[in-house]
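Here the structure is laid out as structure tokens; the discussion comes afterwards.
Number of protein chains: 2
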Amino acid sequence: MADLNKLLTPLFLNEGEIRKIIELLFFSYRDFTEGPDKVLEKINFGRAHHRVIYFVGKQNNLTIKELLSILKITKQSLSRVLSQLVNEKYIILSVGEDKRTKKLILSKKGQELEKRLSEIQIKKIRNVLLKFSEMDIYGFKKILYEMVDDESKEKFDEINR
Amino acid sequence: MADLNKLLTPLFLNEGEIRKIIELLFFSYRDFTEGPDKVLEKINFGRAHHRVIYFVGKQNNLTIKELLSILKITKQSLSRVLSQLVNEKYIILSVGEDKRTKKLILSKKGQELEKRLSEIQIKKIRNVLLKFSEMDIYGFKKILYEMVDDESKEKFDEINR
DNA sequence: TATTTAGGTCAGCCATATTGACTTAATTAT
DNA sequence: ATAATTAAGTCAATATGGCTGACCTAAATA
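Next comes the structure, spelled out in structure tokens:
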């Protein structure tokens, strides 16, 4: 089975090459989150706050339930982070048409923070991608997309519909 | 400045497209770590244990200091995780030539766990990459590498020398 | 009218990280 | 030979971001 696997696996997909990708994913993700983390620290927020702000900013009038299904955390985990964001007026809650639900939007303050944080990551990515061809970038996105679970793919498609 | 930026930015690098990449990085990294996390949970370990096992397995006779510089965490953080791994005989310590240092290697038990965890990720990546061309994969790796900080690049180069 | 759903809340727990202070033993520099 | 630096370890306190379980309210739906 191992031998068969080796026979069927192209050289550029051997274990060593794949392990390099594992390492690059680790390093790149860590370095990618470092910038916003530093900014967040100054205002006593963490990465979890950024994620909430990010997705609320992306998708106006998100409900709590939808947000939870994107983040895949429990409502108790979200609660602490979200109530801080609401108390400090980064996020505004309103009642939905279904009056059991609540809709989330960013306040102006929230939009400003969102922009400040995401701009760091956007600039970083743009600076990297400028060195590559449109085809490379297209391939990169397609591979990343394929790395995502079916369930998360649905979420991604949903918020980019 | 914003206008100038827009003029100079190719369409496929506009903010919307880059935000998609931000989201794909979030979803893919989360889904990528999910498999090992589940296995680790059963033996009361966490992701931090996997990282230590991974890099010790990669680079035999790593010292504590070198490991810390790869992981970029404090020795106090490493301490808890590492002492568990040593106590439970996944990792074996020995004194280095410089007798202040310690060398880390995986025991057989450690190698087995390393393999079990990494195989999940290796298979996942291989299954994804099989759908792509060698060129796409080469581009993917190069872009990921460019996403990494200079300092981390050095670490990556070091462990893959 | 009964059940389900969306959201909230309290309490306790765990994992992973941090800072700061201090120790020991070995190596290196003066 | 002594002083300074380095590698590693340890203790204590703190923060963040998760989790489970139990329980509540109000609104929508069956």
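In order, the protein sequence lines correspond to chains A and B.
Note that my numbering has the first sequence beginning at -6, numbered continuously upward.
Note that my numbering has the second sequence beginning at -6, numbered continuously upward.
We treat Cβ as the ideally placed atom computed from N, Cα and C, and that holds for glycine.
Within chain B, the residues that residue i reaches when beta carbons sit closer than 9 angstroms
| i | result |
| --- | --- |
| G125 of chain A | The sequence given here places Phe at residue 125 of chain A; Gly does not occur at that position. Residues of chain B passing the Cβ test: G132, K135, I136 and E139. |
is_contact[residue i, chain A] using C-beta, thresh 8 angstroms
| i | result |
| --- | --- |
| K13 of chain B | yes |
| L60 of chain B | no |
| F149 of chain B | yes |
| E34 of chain B | no |
Local conformation of residue i per DSSP, three classes
| i | result |
| --- | --- |
| K82 of chain A | coil |
Range of the contiguous beta strand (DSSP E) that encloses residue i
| i | result |
| --- | --- |
| L99 of chain B | K95 to L99 |
Delimiting residues of the alpha helix (DSSP H) encompassing residue i
| i | result |
| --- | --- |
| G28 of chain B | E8 to K35 |
| L64 of chain B | I57 to L64 |
| D129 of chain A | E127 to E139 |
| R44 of chain B | R40 to K51 |
| E151 of chain B | D143 to I152 |
Neighbour flag for residue i against chain B, beta carbons, 8 angstroms
| i | result |
| --- | --- |
| D122 of chain A | According to the sequence as given, residue 122 of chain A is Leu; it is not Asp. Yes - at least one Cβ of chain B is within 8 angstroms of the one on L122 of chain A. |
| L86 of chain A | no |
| R119 of chain A | yes |
Under 8 angstroms by beta carbon: chain A residues contacting residue i
| i | result |
| --- | --- |
| F25 of chain B | L18 and M140 |
Contact set between residue i and chain A, taken where Cβ atoms lie within less than 7 angstroms
| i | result |
| --- | --- |
| F5 of chain B | E127 and I130 |
| N153 of chain B | K13 |
Interface partners of residue i on chain B, CB under 7 angstroms
| i | result |
| --- | --- |
| S145 of chain A | F20 and D24 |
>> Give me the subset of the region 41 to 73 of chain B whose CB atoms are less than 8 angstroms from a CB atom of chain A, sorted by chain position.
In response: If the cut-off is 8 angstroms between Cβ atoms, the region 41 to 73 of chain B has R44, Y47, K51 and K65 near chain A.
>> Counting only Cβ-Cβ distances shorter than 8 angstroms, please list the residues of the region 82 to 116 of chain A near chain B, keeping chain order.
In response: Residues S111, Q114 and I115.
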